[in-house]
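Enquirer: Numbering-wise, the numbering used here puts 713 at position 116 of the sequence shown, and it's gapless, one number per residue.
Note that the Cβ used here is the ideal one computed from N, Cα and C, for glycine as well.
What follows is a structure written as structure tokens; I'll ask about it next.
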Amino acid sequence: MNAPHNFLISLEERHANRILQGTKTVELRRRPMHVALGSTVWFYVKMPVGSIVGCATVTGLHTLAPSTLWRRFGTVSGLKRQEFFEYFSGISKAFALGLSEPTELTSPIPLSKLRDVSGGFHPPQFFANVANDGPLLHVMSQALHGRPATSQNLQTELELA
């Protein structure tokens with residue numbers, strides 16, 4: 598299995614809010630995500646929000662039949678039964694990413710800032726790995742610890758490194 602790392606997923610605002618409130622403890626996907634337990638998943642909320650708003654720790658990877666996944670995680674999925682089964686319609690295996698320790702950023706990072714610090718940034722369609730030594734993780738970590746995510750701060754710190 599891979600070593601824990603950082604990665605980014607795109608979510609609807611309602612799902613990100615439920616994760617950050619602790620009422621949704623799994624993120625559902627139609628195909629498996631090959632990530633390591635202990636990894637940090639960062640949440641990019643789709644437009645019109647268009648910002649990274651928080652993160653959580655990966656605590657489980659579950660590939661199961663949709664009916665089994667519903668029995669096990671339906672109450673913490675953030676979906677009603679009908680929406681759940683519509684989402685997984687036509688597939689035999691569904692995937693749930695177990696999440697814990699959700700943390701909301703003190704200052705969400707808008708898409709414009711993400712593009713300033715990481716030139717070709719585009720929100721992920723499925724998920725995207727975040728380089729441990731890259732400017733994107735640096736800015737996300739600053740926002741997580743209550744420091745403003747400004748290009749000037751990033752440039753100064755990169756020059757000092």
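If we count the other Cβ atoms within 10 Å of its Cβ and call it buried at 16 or more, is His735 buried or exposed?
Expert: The residue given as residue 735 occupies position 138 in the sequence shown. It is buried - the Cβ of His735 has at least 16 other Cβ atoms within 10 Å.
Enquirer: Can you give the beta carbon distance from Leu696 to Ala653, rounded, assuming they're within the 8 Å contact cut?
Expert: One-based indexing of the sequence shown puts residue 696 at position 99. One-based indexing of the sequence shown puts residue 653 at position 56. Indeed, because the Cβ distance is near 4 Å, the residues count as touching under 8 Å.
Enquirer: Measure the C-alpha to C-alpha separation of Gly743 and Glu680 and round it to an integer number of angstroms.
Expert: For the purposes of this step, residue 743 is taken as residue 146 along the sequence shown, with counting starting at 1. For the purposes of this step, residue 680 is taken as residue 83 along the sequence shown, with counting starting at 1. The alpha-carbon atoms of Gly743 and Glu680 are separated by roughly 36 Å.
Enquirer: Could you tell me the distance, in whole angstroms, from the CA atom of Lys710 to the CA atom of Gly651?
Expert: Counting from 1 along the sequence shown, the entry for residue 710 is found at position 113. Counting from 1 along the sequence shown, the entry for residue 651 is found at position 54. Each residue's Cα considered, the two are about 15 Å apart.
Enquirer: Flag this pair as touching only if the segment 662–672 and the segment 725–734 have three or more C-beta atom pairs under 8 Å; answer yes or no.
Expert: No, the segment 662–672 is not in contact with the segment 725–734.
Enquirer: Output yes or no for whether 8 Å exceeds the beta carbon distance between Pro732 and Ser704.
Expert: As a working note, residue 732 is residue 135 in the sequence shown. As a working note, residue 704 is residue 107 in the sequence shown. The answer is no: Cβ separation not under 8 Å.
Enquirer: Excluding the five sequence neighbours on either side, which residues of its own chain have a C-beta within less than 6 Å of the C-beta of Thr660, listed in chain order?
Expert: For the purposes of this step, residue 660 is taken as residue 63 along the sequence shown, with counting starting at 1. Once the five neighbours on either side are set aside, the close Cβ partners of Thr660 are Pro629, Lys690, Phe692.
Enquirer: Closest to Arg611 by CA distance: which of Asp713, Val642, Thr637 is it?
Expert: Taking the sequence shown and counting its residues from 1, one reaches residue 611 at position 14. Here the closest residue by C-alpha is Val642.
Enquirer: Between His719 and Arg626, what straight-line distance do the alpha-carbon atoms span, to the nearest angstrom?
Expert: Numbered from its first residue, the sequence shown carries residue 719 at position 122. Numbered from its first residue, the sequence shown carries residue 626 at position 29. Cα to Cα, the separation comes out at about 20 Å.
Enquirer: Of all the alpha helix (DSSP H) runs that stay within the bounds of the segment 686–719, which reach a length of 4 or more residues?
Expert: The qualifying runs are 708–714.
Enquirer: So is Glu609 buried or exposed if we call it buried at 16+ other beta carbons inside 10 Å?
Expert: For the purposes of this step, residue 609 is taken as the residue at position 12 of the sequence shown. Glu609 should be labelled exposed.
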